[in-house]
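Peer 1:
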Amino acid sequence: MKLRTILILGVAAIAIALISLWMGQVAYTWFPPQASAESVLVDNLFSFLVTLGTFIFLGVVGTLTYSILFQRAEKYDLSDGPHIEGNVKLEIIWTAIPFILVIWIATYSYQIYDQMSILGPMDHAHHGAMMAAANADEVSEPKTEEIEKIQVLARQWAWEFHYANGTNGEVSSTELHLPNNRRIKLVLHSEDVLHGLYIPAFRVKQDVIPGHDIDFEFTPIREGKYRLRDSEYSGTYFASMQTDVVVESPEAYQKWLADASSATPAPAYNPAASEYAKRANATNWATVVPAAPPVVNYAN
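Here is the structure:
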């Protein structure tokens, strides 16, 4: 009887493990395409957490289900259960297992964060993110010897980007253009309140804090157009504070810089300013006046 119980538990554990592994792989489909080296690392961490969480969830639910179905008291049995004061082995087990799991998750999470190296220059190279990118489908290994530095200005409610290597000097835009497979260094600056730079396809997010210039690094690995949003509530029109992120080949990126640098700076269309102008005669509620539309070489 004991051997039979062990076999049943073993088969159940294997089944739960296989289902958990399958759920971990399915978790990759819940996100936008992996468009940065960091997204590969973040998705791997999330898949690991989903696998582990599924195993624990099914184990607990399975135990409860088995107890309800097969360990119920007989009908009309109102007697007390056996008096058990404690079990030292059981208490050690259910204390040790959660402790080990928490340490495991914390260690793995820190390793991922350390490999991403997204906050400014680190003493170590970015080998972890680069190797993850090399293993991703339809991407090539990023070139880490070159870093593209871009100034990012956040204000209520618009993004403005400044590139230092246009053929005729600095180039500015309201649409973020990035060369593929190049390490990108954004220097984030807020001119008014707290904002949040968030690109879901890159799996990166960073608060933009007034009075502080923050270095923020990542590596695009997939060409395409993605969306940048303000992840922090920054006032009435914060929902309109979003723009496109265009990842293109280094050659196309240099051509865009050359074309943009020859354009005369002009005020860009700003949804927040436009919405505010529509209610200029309204007096039923107060709001912060949006900043003037950015004057840039290129507007999306």
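283 is the number that our numbering gives the last residue of the sequence shown; the numbers go up by one with no jumps.
C-beta: ideal position from N, C-alpha, C; glycine also.
If you're wondering where the values come from, they're calculated on a predicted model, not measured in any experiment.
(1) Use the C-beta contact count for Ser92: other C-beta atoms within 10 angstroms, 16 or more gives buried, fewer gives exposed.
(2) Would Glu231 pass as a contact of Pro183 if the rule is Cβ separation under 8 Å?
(3) By Cβ distance, which residues of its chain are closer than 8 Å to Val71, with the 5 residues on each side in sequence left out?
(4) Quick one: using the 10 Å Cβ neighbour count with 16 as the cut-off for buried, is His195 buried or exposed?
(5) Got a sec? Which residues, its chain only, sit under 8 Å from Asn118 by beta carbon, not counting five neighbours each side?
(6) If you follow the alpha helix (DSSP H) that Gln8 is part of, which residue opens it and which one closes it?
(7) Do the CB positions of Phe199 and Trp140 come within less than 8 Å of each other?
(8) Specify, as a first and last residue, the run of the alpha helix (DSSP H) that Tyr259 falls within.
(9) Put Val271 into one of helix, strand or coil per three-state DSSP.
(10) How should Trp87 be labelled, buried or exposed, when 16 other C-beta atoms within 10 angstroms of its C-beta is the threshold for buried?
(11) Quick one: give me the first and last residue of the beta strand (DSSP E) that Tyr181 is part of.
(12) Quick one: what's got a C-beta closer than 7 Å to Thr226's C-beta in the same chain, skipping five residues either side?
(13) Give the DSSP-derived three-state secondary structure of Asp190 in the structure shown.
(14) Between Glu304 and Phe144, what straight-line distance do the alpha-carbon atoms span, to the nearest angstrom?
(15) In its own chain, which residues sit with a C-beta less than 7 Å from the C-beta of Val75, not counting the 5 before and 5 after it?
(16) Express the C-alpha separation of His178 and Asp213 in angstroms, rounding to a whole number.
Peer 2: In short, the structure shows the following:
(1) exposed
(2) no
(3) none
(4) exposed
(5) At Asn118, the pLDDT of 49 sits below 50, so the modelled position is not reliable and the matter cannot be decided from this model.
(6) Lys(-15) to Val9
(7) Between Phe199 and Trp140, the C-beta gap is not smaller than 8 Å, which leaves the two residues out of contact.
(8) Taken as a continuous stretch (DSSP letters only), the alpha helix (DSSP H) holding Tyr259 covers Pro254 to Lys261.
(9) If DSSP states are grouped into helix, strand and coil, Val271 belongs with coil.
(10) exposed
(11) His178 to Ile182
(12) Trp142, Thr157, Glu158, Leu159, Leu211 and Asn283
(13) strand
(14) Given that the chain is displayed from residue -16 to residue 283, the structure contains no residue 304 and the question cannot be resolved.
(15) Inspection of the sequence shows that residue 75 is occupied by Ile rather than by Val. Within the same chain, Ile75 has no close Cβ partners at all.
(16) 6 Å
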